[in-house]
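Engineer: When we follow the numbering used here, the leftmost residue of the sequence shown carries the number 6, and every step to the right adds one. Yeah, the Cβ is synthetic: ideal placement off N, Cα and C, and Gly gets one too. To start, I am sharing the structure in question, which I have written as structure tokens.
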Amino acid sequence: MRWDMSSMPQVNDTRGNQSVHILMQELGSVLCLDCSLHTLLDKYIELLVNHFEARCGFYTPFWFEELSLVSSLRVFKEEACDDAELDALCERARKRYAAYPDDTFLYDAEDDPFICLRLADNGHPEMWLIIALEKPMSNEALNAFLPLVSWFQNGMVQCRRKTTLDSTQTRIDEMTRGMAETMAQLVQAEKMSELGKLTAGIAHEINNPIGYIRSNLETLVQYVETFEELFAEIAQWAKTKPGCSEMLQELEAKYDLSFLLEDAHEIVATNVSGIDRIRDIVSDLYAFSRKGEGKMMPLSLQDVIQRCVKLTKTRFDNHHQIQVNVHTDTPYCVGDASQLEQVMINMMINAAHAMPAGGVLSLDLSSTENRLILKVKDTGVGMDKVTQQKIFSPFFTTKPTGVGTGLGLSISNGILQAHNATVSVESAINEGTEFTLSFPLYRESSD
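Written out as structure tokens, the structure reads:
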């Protein structure tokens, strides 16, 4: 803000200084400073006390109330007034204000002269600045002093606007950062969605070669068995021919034929087992990656848990233990298997992240008369109360941007609600976390 100094009168104080004009220039300079409202008022009072022969100066929004002055005012001057003098001064100001309630400038020239400036604005409707003078002011000085009221008010408004603007800018910056993080999480979520579609396609493509590899292995098993039968018949035939049996035994010993046939069986059997393992993993991966259709049907939650343990096996190492404990003969509920797998895998991966140095993940399945209860408990880093209240909120994550989307538990909670299930969490820092999932129990009809 630029101040017009040309219209200000040139008034000299008792020391011969053009005090008001100089004061105005200094006040304008203070107003340009980057400071808080209280700092602005502090500097104003210091300037006023230094430019006029004053014993002290202070401001308070509560000067007109009893017993509120000492905790509210700011006093300047080495020989500042004591509490009794300040209370007496405020009492005189209250009386003066009662006589002239509409004035924004109060002056009393009695034995202890003082000036009161009402610096009212929307933020402080009753902010008053009080200066105790050493001696009365001249009329010229008083007339030049009157414009200071509007100057102070303008300064306070400008300072408050800047404070509000800074606060607004801070909130805008925080919102911008939040939106950027949310956008990054949305991009990551979209990538994961596309990865799920890609995984389904890849799983389908892998199934084809797996099929004919296993078929060829089964054929190879038959070939090995045929070779065994052939060599057995040759051995029987050689016994009927002089010298052939000995020659055949030498050949069997030379090429270790018995070991080759036995090892061939084991090699083929191992490959069949391995390809079956690949087929099961791909099948589970395909089942997990396909979009759940929301078709509710009776299922075994125990089977869902076992599939999830297989799918998340690579997320755990030798320092981790996964314990599955089933304490019910009726581990059944009604639901969509792929959606429940999504819930379980999310919780198990979160548990792995919470136990980077190792730990125990326990999956305990039990039942009551009407409910199927699954407890997922880890011995990880745990969560504080604030985090526990936010974990089911969309886009909330404690992981770095790009590592997690903040949607896992939010989506899981929605899936559980669609299954008429509930979820609760108990956690403590450095003591681990336990999720309790409760499903309506399904029992087959006896009809």
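Tell me the residue span of the beta strand (DSSP E) that contains methionine 302.
Structural biologist: Element bounds for methionine 302: 302–305.
Engineer: How far does the alpha helix (DSSP H) with lysine 380 in it reach, from first residue to last?
Structural biologist: Looking at the DSSP string, lysine 380 is not in any alpha helix (DSSP H); the run it does join, the beta strand (DSSP E), is 376–383.
Engineer: Please name the residue, chosen from Met142, Cys338, Ser432 and Ala98, that lies closest to methionine 302 on a Cα-to-Cα basis.
Structural biologist: If we check each option's Cα against that of methionine 302, Cys338 comes out closest.
Engineer: For tryptophan 133, does the count of other Cβ atoms within 10 angstroms reach 16, so buried, or fall short, so exposed?
Structural biologist: The residue is buried, with at least 16 neighbouring Cβ atoms inside 10 Å.
Engineer: Is the number of C-beta pairs between the region 252–271 and the region 211–222 that are closer than 8 Å three or more?
Structural biologist: The answer is no - the region 211–222 does not touch the region 252–271, with fewer than three Cβ pairs under 8 Å.
Engineer: Please go through the same chain and pick out, in chain order, the residues whose beta-carbon is closer than 6 Å to the beta-carbon of asparagine 435, but skip the five residues on each side of it.
Structural biologist: Excluding residues within five positions, the ones whose Cβ falls inside 6 Å are Gly387.
Engineer: Quick check on the DSSP output: the beta strand (DSSP E) that includes histidine 325 runs from which residue to which?
Structural biologist: Here the beta strand (DSSP E) through histidine 325 covers 325–331.
Engineer: In terms of residue numbering, what span does the beta strand (DSSP E) encompassing glycine 340 cover?
Structural biologist: Taken as a continuous stretch (DSSP letters only), the beta strand (DSSP E) holding glycine 340 covers 337–340.
Engineer: Put alanine 103 into one of helix, strand or coil per three-state DSSP.
Structural biologist: In this structure, alanine 103 counts as helix in the three-state DSSP scheme.
Engineer: Among Arg320, Leu370, Val348 and Pro361, which has the Cα closest to the Cα of histidine 332?
Structural biologist: Closest by alpha carbon: Leu370.
Engineer: Measure how close the beta-carbons of alanine 359 and aspartate 383 come, nearest whole angstrom, since I'm counting them as under 8 Å.
Structural biologist: Right, the Cβ-Cβ distance comes to about 5 Å (below 8 Å), so this counts as a contact.
Engineer: Just grab the DSSP bridge partners of aspartate 369 for me.
Structural biologist: Beta-bridge pairing links aspartate 369 to Asn330 and Lys380.
Engineer: Alpha carbons only, please: which of Pro336, Asp334 and Lys315 is nearest the one belonging to isoleucine 327?
Structural biologist: Cα-wise, what sits closest to isoleucine 327 is Lys315.
Engineer: Just checking my contact of valine 430 with phenylalanine 444 at CB under 8 Å: how many whole Å lie between their CB atoms?
Structural biologist: Not a contact, Cβ separation roughly 16 Å.
Engineer: Can you grab the Cα-Cα spacing for the pair isoleucine 218 / serine 250, in whole Å?
Structural biologist: Roughly 38 Å separates the two Cα atoms.
Engineer: Which two residues bound the contiguous beta strand (DSSP E) that contains glycine 437?
Structural biologist: Segment 437–445, the beta strand (DSSP E) holding glycine 437.
Engineer: Quick one: give me the first and last residue of the beta strand (DSSP E) that serine 429 is part of.
Structural biologist: Looking at the DSSP string, the run of the beta strand (DSSP E) that includes serine 429 is 427–433.
Engineer: Candidates Asp341, Val287, Arg320 and Ile283: which alpha carbon is nearest valine 309's?
Structural biologist: Checking every option, the nearest Cα to that of valine 309 belongs to Asp341.
Engineer: Looking at the structure shown, is isoleucine 135 part of a helix, part of a strand, or coil, going by DSSP?
Structural biologist: Strand.
Engineer: Which residue marks the beginning of the alpha helix (DSSP H) containing leucine 414, and which one marks its end?
Structural biologist: Counting along the chain, the alpha helix (DSSP H) containing leucine 414 begins and ends at 413–423.
Engineer: Does the distance from the CB of alanine 243 to the CB of leucine 253 come in under 7 Å?
Structural biologist: Yes, they are a contact pair.
Engineer: If you drop the 5 nearest sequence neighbours on each side, which residues of the same chain put their C-beta closer than 7 Å to that of alanine 426?
Structural biologist: Excluding residues within five positions, the ones whose Cβ falls inside 7 Å are Leu442, Ser443 and Phe444.
Engineer: On the three-state DSSP scale, how would you describe glycine 364?
Structural biologist: Residue state, collapsed to three classes: strand.
Engineer: Give a yes or no on whether the C-beta atoms belonging to leucine 377 and leucine 304 are separated by under 7 Å.
Structural biologist: No, these two residues do not count as a Cβ contact at 7 Å.
Engineer: Less than 7 Å between C-beta atoms, sequence neighbours within five positions excluded: which residues of the same chain meet that for methionine 349?
Structural biologist: Result list for methionine 349: Val309, Ile310 and Cys313, in chain order.
Engineer: If you draw a straight line from the C-alpha of arginine 284 to the C-alpha of proline 399, how long is it?
Structural biologist: C-alpha separation (whole angstroms): 35 Å.
Engineer: Hey, arginine 101 and aspartate 113: beta-carbon distance below 7 Å or not?
Structural biologist: In contact: arginine 101 and aspartate 113 (Cβ atoms closer than 7 Å).
Engineer: Look up leucine 265 in the DSSP assignment and say whether it is helix, strand or coil.
Structural biologist: Helix at leucine 265.
Engineer: Are glycine 62 and isoleucine 177 closer than 7 Å when you measure CB to CB?
Structural biologist: No.
Engineer: In the structure shown, what three-state DSSP assignment does arginine 123 receive?
Structural biologist: DSSP places arginine 123 in strand when its eight states are reduced to three.
Engineer: Would you say serine 372 and phenylalanine 397 are within 7 Å of each other, going by their C-beta atoms?
Structural biologist: The answer is no: Cβ separation not under 7 Å.
Engineer: Measure the alpha-carbon distance for serine 288 versus lysine 246 and round it to whole angstroms.
Structural biologist: Between serine 288 and lysine 246, the C-alpha separation is close to 55 Å.
Engineer: I need the DSSP call for aspartate 322, collapsed to helix, strand or coil.
Structural biologist: DSSP places aspartate 322 in coil when its eight states are reduced to three.
Engineer: I want to check one thing, is the minimum distance from the CB of asparagine 425 to the heavy atoms of the ligand FAD below 6 Å?
Structural biologist: As far as ligands go, the structure on display features none, and thus does not contain the ligand FAD.
Engineer: Less than 8 Å between the CB atoms is what I'm expecting for leucine 91 and proline 118, so what's the real figure, rounded?
Structural biologist: With 8 Å as the limit, leucine 91 and proline 118 do not qualify as a contact, their Cβ atoms being about 15 Å apart.
Engineer: Note down the Cα distance separating leucine 122 from threonine 392, rounded to an integer number of angstroms.
Structural biologist: Rounded to the nearest angstrom, the two C-alpha atoms are 50 Å apart.
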